[in-house]
Structure formats: structure tokens, C-alpha cells
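Below is one structure; the comments refer to it alone.
Protein chains in written order, with this note's numbering: chain A, 1 to 184; chain B, 185 to 675.
See the structure below:
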């Protein structure tokens with residue numbers, strides 16, 4: 001899902017406060033941003049996603065570039081917000097219940113589908129939990145954000161080579177985790 | 185990031201995930217699991233907040249693209265600021281040069297021709313440049329030799345809050361034209377110099393011819409310093425007052441005391457060889473001051489009231505105590521200055537009768553003093569004995585002997601006005617030394633009191649009897665010869 005060729009027009013409409021432009025941007029990026037923050041175990045991913053887009057509104061005047069850069073720029077804001085929230089959580093510790101757990105406790109729906117989904121989510125969470133913080137960030141930005149290694153490096157503030165190295169180690173870890181999971 | 189690198193990275197990830205089906209499947213699971221839209225209400229709420237913030241932000245900033253603003257801003261801003269700065273720089277530089285030139289001209293600096301030329305063309309004359317000489321003249325004025333005697337007296341008097349002293353000094357100095365002498369004496373006196381020391385140096389000789397222990401100038405300075413005369417440090421402690429006694433402020437001043445305050449064991453002969461004798465006050469108790477008549481460096485003062493009025497070192501009467509201004513001093517027979525000769529110098533207060541001498545002080549009796557008129561009768565001996573209390577030592581409750589009983593004091597017919605104008609010779613009306621060891625009165629104090637009371641008695645007698653003062657004096661001193669010219673006959 002991408003805006004495509006009409007991105008420049010959408011961007012100009014967003015700068016003058018057009019609602020349709022912001023709807024297009026929000027519907028295009030909010031799911032992946034929310035998924036990234038959720039996969040990073042952010043305490044309040046929905047609230048944090050709203051803060052990310054408000055920051056995008058405030059800083060949109062300073063942005064220049066295409067859709068790919070805009071995507072990387074939005075993920076950079078999301079990552080910085082995540083880091084800030086983690087820093088705040090360290091100063092004021094709290095353990096909120098994750099959103100996924102609250103949704104799973106809701107009654108209703110197809111029990112078989114919910115059971116398969118819960119098994120798949122638990123497996124993905126376990127595999128992601130086996131990665132380091134850097135490996136998880138790099139792989140999530142690569143898979144969910146569809147960012148290149150250089151864009152990931154710009155988001156994380158590292159060199160592309162370091163990002164690639166982290167990526168390889170992360171994929172190797174994933175493979176080991178997947179092989180182990182299949183065995184079990 | 186080039187497209188080649190981006191494609192390579194994408195291909196690498198895809199190859200990696202595609203090469204391993206498990207990894208590709210895991211990536212799809214991650215996208216499916218996490219890339220989900222939030223709930224409808226959440227999305228609507230967040231969208232509303234985003235659109236509202238975007239509208240506010242768009243309304244606040246101009247509707248120009250950042251690129252357009254980036255292109256326009258440098259072209260408009262950059263030239264404007266340097267222009268303003270350039271104008272301000274030029275204006276400040278011009279103003280600074282103008283102020284510099286004006287300041288130099290005001291300071292009297294002769295400006296060079298290159299600076300003068302544009303100013304002359306504009307018809308501007310630098311201020312005060314032409315008056316440089318006058319300015320330097322003002323700086324040099326007054327020259328030391330043109331500084332008046334009063335230039336030293338005024339600040340001191342003003343500092344002592346007795347402006348009248350300086351005015352009196354200056355007026356009297358200017359009136360008789362004798363300021364040069366006083367100037368020569370007072371010029372160069374430093375402030376650190378004590379008034380007494382400076383007074384000794386600056387006092388004209390004619391002041392000492394009367395036997396003044398010190399010139400009136402230091403007295404005026406001392407009196408103008410605000411310290412009560414009785415509490416001055418150069419004075420002895422005030423005498424203990426009796427119930428009916430009053431201590432005049434100046435009674436305890438040792439510099440006004442007669443030479444009778446001498447030590448017991450040292451009898452200094454009449455010093456006719458002391459050229460630079462200081463006032464008696466500066467001497468210790470065992471020193472003897474020679475009679476003023478024998479001082480060779482003391483010139484006789486001019487006669488009459490004119491001399492007294494024109495004495496430059498005499499301040500206005502207001503500076504002296506009331507006892508200095510008493511008109512009875514004019515009738516003091518022993519202080520009436522004769523018009524000429526050295527005999528008039530014997531009338532100074534330091535040559536008063538020795539009636540007030542202490543028991544341990546051996547002063548020649550007044551009868552033996554050649555410069556005083558001595559009575560032929562025994563009545564005059566009443567005031568000379570050491571064990572006899574002189575009339576001056578009597579307090580208010582004591583009877584003052586009548587003037588007829590004081591044959592040792594002659595009344596000069598002339599020169600009375602001079603004595604009246606000499607405030608330093610006037611004596612206080614009351615005695616303070618009565619309480620000193622039962623009649624052992626300070627000589628100078630008792631002498632002054634006795635003289636004053638005698639004068640008062642004579643004046644009262646003259647007024648009561650309706651006679652002239654000289655007649656009363658004749659009656660009181662039948663043996664004392666008072667010649668018409670005022671010279672006393674030495675005994």
C-alpha cells in the first residue's frame with residue numbers, strides 16, 4: 001500500500017491542512033507505524049502513534065523528498081518517540097497490560113481462528129523476543145516499514161554497514177529460532 | 185542512497201527471505217500480525233486531531249513552499265541588513281570624528297590645518313580653541329604671590345564654621361594695607377602645621393610688643409574650632425568651681441597666663457637677650473618668661489585706636505568671649521599701653537602683678553618691677569604677698585577691694601582705646617582659681633580677675649561720683665604718677 005505518483009500532490013495538500021491528504025497519509029502509514037510500535041512492546045502504541053502523526057504535522061514544513069523518504073522520515077519520528085517513551089518509563093516504571101492480551105481476552109468470534117491466531121502471535125513474539133534490541137529494530141523496520149538498509153541506518157543513527165551486519169545476525173538468529181520451533 | 189543500493193538491499197532481503205521459506209513465512213506473519221489498522225474510533229479521533237493541528241499550522245505559516253521561501257529569503261534579507269549596517273557604521277564614524285574634533289578643540293588642542301580647512305569652509309570655528317591661552321591663564325591664576333593673606337585664613341575659618349573670622353581678618357588686613365607683612369608671615373604655612381606653631385611664625389612683631397603671649401590669630405583659630413576653650417587639650421584641667429564661682433572658658437589657657445607661673449627653683453633674670461621668645465604658655469612651669477619690655481625684637485605698636493582696629497591678626501570681637509570684650513579692659517591701669525617707648529610693653533598681661541603667685545613661686549614683688557607703677561604706700565603690698573589673697577582671687581561673694589586701695593595700678597590717660605580693642609588682654613569678670621588649695625590661686629587667673637574687678641570698681645566709682653575716670657584713678661593711686669602723655673613712671 002503506497003500513495004504512488006500522487007504523493008507530491010498529497011504532500012502539498014497536507015501542508016495546507018487538507019483533510020483528504022492527511023487521511024491518505026494516515027491510512028497509508030498508521031498501520032505499519034502502529035505495528036512497529038506494538039512489535040517493539042511500546043506501552044501505549046495507539047497513543048504513541050497519534051503523537052507521531054501530530055509531530056509529523058508540526059514538522060511537515062521542513063520535510064523535502066519523495067514517498068520513500070517520507071516513509072523513512074515518519075519511521076524515524078516513531079522510533080525517536082519510542083526511545084523517549086522508554087526513557088520516561090525507566091524514570092517512572094510501570095507495567096501496563098499489552099493491547100494484544102486485552103483483545104484476546106475479549107469474548108466472542110471464531111474460536112478456531114482465534115486459537116490459530118493466538119498460536120501464531122505467540123510464536124512470532126517468542127521469536128522476536130529472542131532477538132536483541134538492535135536486531136529487532138532493524139528487522140522490523142525492514143519488514144514492516146519496507147525501508148532500505150540506508151534508511152534504517154538513518155532512522156537508527158548508524159552506518160549502513162553496521163545495519164547490514166546487525167541484519168545478518170538477526171536473520172541468522174531468526175532461522176535458528178524457527179528451526180528450533182519447528183522441531184518443538 | 186542510490187537506487188542501485190536500494191534495489192540491492194531489497195534484493196538481498198528478498199533473496200534471503202525467499203531462499204529460506206521459513207524466513208519468508210515469518211515476515212508475512214509479522215506483517216499480518218502487526219500491520220493492522222487501529223480501531224475505527226481511534227482512527228477517527230486521531231485523524232480529527234491531525235487535521236485540526238494541520239489547519240492551525242497551515243494558518244500560522246505563510247502559504248509558500250519551503251523551497252520557495254528558501255529561494256526568496258536570501259534575496260530579500262541579505263542585502264537589507266548590510267545596507268542598514270553600512271549606513272549606521274558611516275553615521276557613527278562621522279559622529280565620532282566630529283565629537284573627537286570638538287573635544288580636542290575644547291581641550292585647547294590646536295587642530296591641524298587639514299582639520300581646520302573644512303571647518304573654515306563651513307564657517308565653523310572650533311569652540312575654545314582660540315581661548316586656549318585664556319584657559320591656561322585661568323588655570324595658572326591666582327599666582328602664589330597674588331594669593332592674599334585671606335586665602336589661607338578663609339578656608340581654615342570656614343572649616344571651623346566661623347566665617348566671621350576670615351572676613352574680619354581680610355577686612356582688617358585690607359583696611360590698613362598691612363597685608364603684605366602678614367602674607368609674608370602666613371604664606372607657606374602648611375596645614376599640618378599646628379596653629380600655635382604657625383601663629384608664632386606669622387605673628388608680626390608689633391603684636392608681641394604688647395607682651396601678648398601669642399598673637400590673636402591662633403586664638404581666633406583655636407576659638408573657631410568649635411571646642412570650648414575650657415576643654416581644649418592644650419589647657420590644664422578646669423579649676424574646681426566653688427559654689428559661687430564661675431570659670432571662664434579662657435581662664436585656664438596656659439598661653440594667656442602671666443609669667444608668674446614659674447617653677448620655684450629657677451629664677452630666670454629678666455630676659456633681655458631672647459630674640460625669639462615664644463609665648464609664656466609654651467614654657468614649662470619651671471621656666472620663667474622674661475618681661476616683654478626687654479624683648480629686643482618687639483617693636484612698639486602704634487598708638488591709639490587706629491592701631492587696634494587695623495591689626496590684621498585680630499579677629500572680630502564676636503570670636504572672643506564676652507570677657508574679652510568687656511569695656512572695663514580699657515580702664516586697666518596696668519595694661520594701658522603708653523604711646524611710645526618700651527615702657528608700654530610692660531602693660532601686657534604677662535606682666536601683671538604677681539599677686540596671684542603660688543606659695544612656691546618666687547616672683548619679684550610688683551614693687552620691684554621697674555616697668556610698673558608702684559605705690560608708695562603699704563596698701564599696694566596687699567596684693568603682692570604670696571600668702572595674701574589678691575583681690576582677683578575673690579569670688580562673687582567676696583568683697584572686691586576698692587579701687588583706692590590698689591595703688592600699684594596706674595591708669596594711663598591715653599591708649600585706653602587700644603587696650604579696649606585688644607581682646608586677648610581682656611580678662612574674665614569672675615575668678616575660677618579660688619578653690620585652688622585655699623587661696624593658692626593661679627597667678628594669671630588671679631591677676632586677671634583682680635584687674636577686672638579693679639576696673640569695674642573704678643568705673644562704678646567714676647559713674648557714682650560723677651568724676652572722670654582719671655580722677656578716680658588719681659584718688660585710688662595717689663602716689664602713682666601718670667603723666668599726661670600716658671607714660672608711667674617706673675618705680
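Every residue gets a Cβ at the ideal spot worked out from N, C-alpha and C, and that includes glycine. This one's a predicted model, so the numbers in the text were calculated from it and none came from an experiment.
Are the region 155-162 of chain A and the region 117-132 of chain A touching, with three or more C-beta to C-beta distances below 8 Å? no
Under a CB-based cut-off of 8 Å, is residue 228 of chain B close to chain A? Residue 228 of chain B does not count as touching chain A.
Buried or exposed: which applies to residue 657 of chain B, given that a residue is buried once 16 or more other Cβ atoms fall within 10 Å of its Cβ? buried
Residue 69 of chain A CB to nearest heavy atom of the ligand FAD below 7 Å: Annotation note on the ligand FAD: not contained in the displayed structure, which lists no ligands.
Coarse secondary structure for residue 648 of chain B, derived from DSSP in three states: helix
Rounding to the nearest angstrom, what Cα-Cα distance links residue 14 of chain A and residue 154 of chain A in this structure? 24 Å
DSSP-derived helix/strand/coil call for residue 302 of chain B: helix
Please go through the same chain and pick out, in chain order, the residues whose beta-carbon is closer than 6 Å to the beta-carbon of residue 163 of chain A, but skip the five residues on each side of it. 138, 149, 152, 153
Could you spell out where the alpha helix (DSSP H) holding residue 12 of chain A opens and where it closes? 7-15
Quick check on the burial criterion: 16 or more other C-beta atoms within 10 angstroms. Buried or exposed for residue 49 of chain A? Answer is buried; the Cβ neighbour count reaches 16.
Please check if any C-beta of chain A sits within less than 8 Å of the C-beta of residue 206 of chain B. At least one chain A Cβ lies under 8 Å of residue 206 of chain B.
Against chain B, does residue 44 of chain A count as a neighbour if the rule is that its beta carbon must be under 8 Å from one of theirs? no
If you follow the alpha helix (DSSP H) that residue 90 of chain A is part of, which residue opens it and which one closes it? Unbroken alpha helix (DSSP H) run through residue 90 of chain A: 67-91.
Backbone secondary structure at residue 164 of chain A - three-state DSSP: helix
Less than 8 Å between the CB atoms is what I'm expecting for residue 177 of chain A and residue 127 of chain A, so what's the real figure, rounded? 4 Å
Report the neighbours of residue 213 of chain B on chain A: residues whose CB is nearer than 7 Å to its CB, in chain order. 120, 124
Are the CB atoms of residue 234 of chain B and residue 37 of chain A nearer to each other than 8 Å? no
Closer than 8 Å, Cβ to any Cβ of chain B: which residues of the region 24-37 of chain A, in chain order? 26, 27, 30, 31, 32, 34, 35, 36
Using three-state DSSP, classify residue 45 of chain A as helix, strand or coil. helix
Any idea if residue 308 of chain B is buried or exposed, counting beta-carbon neighbours within 10 angstroms, 16 or more meaning buried? exposed
Kindly indicate if chain A contains any beta-carbon less than 8 Å away from that of residue 239 of chain B. yes
Once DSSP output is grouped into helix, strand and coil, what is the label at residue 2 of chain A? Collapsing the DSSP output to three states places residue 2 of chain A in coil.
Contact with chain B by residue 115 of chain A, beta-carbon distance below 8 Å: no
Going by DSSP in three states, residue 159 of chain A sits in which element: helix, strand or coil? coil
Element boundaries [alpha helix (DSSP H), containing residue 308 of chain B]: Looking at the DSSP string, residue 308 of chain B is not in any alpha helix (DSSP H), and its letter there is neither H nor E.
For residue 682 of chain B, count neighbouring C-beta atoms within 10 Å of its own C-beta (all shown protein chains included) and say buried if the count is 16 or more, exposed if not. The structure shown does not extend to residue 682 of chain B, since chain B is modelled only from 185 to 675, so the question has no answer here.
Cut-off 6 Å between Cβ atoms - residues of its own chain near residue 147 of chain A, not counting five sequence neighbours on either side: Taken in chain order, the residues that qualify are 72, 141.
Using the beta-carbon of each residue, which ones in chain B are nearer than 7 Å to residue 57 of chain A? 234, 237, 238, 241
Simplified DSSP assignment, three categories, for residue 50 of chain A: helix
Report the three-state DSSP secondary structure of residue 173 of chain A (helix, strand or coil). helix
Of the choices B:304, B:297, B:231, B:276, whose alpha-carbon is the least far from that of residue 17 of chain A? B:231
For residue 17 of chain A, go through chain B and note every residue whose CB falls closer than 9 Å to its CB, in chain order. 235, 236, 237, 238, 239, 240, 241, 242, 243
Three-state secondary structure (DSSP) of residue 242 of chain B: helix
Let me know if residue 238 of chain B comes out buried or exposed under the rule of 16 or more other beta-carbons within 10 Å of its beta-carbon. When all chains shown are included, residue 238 of chain B counts as buried.
Checking contacts by CB at 8 Å: is residue 14 of chain A closer than that to chain B? yes
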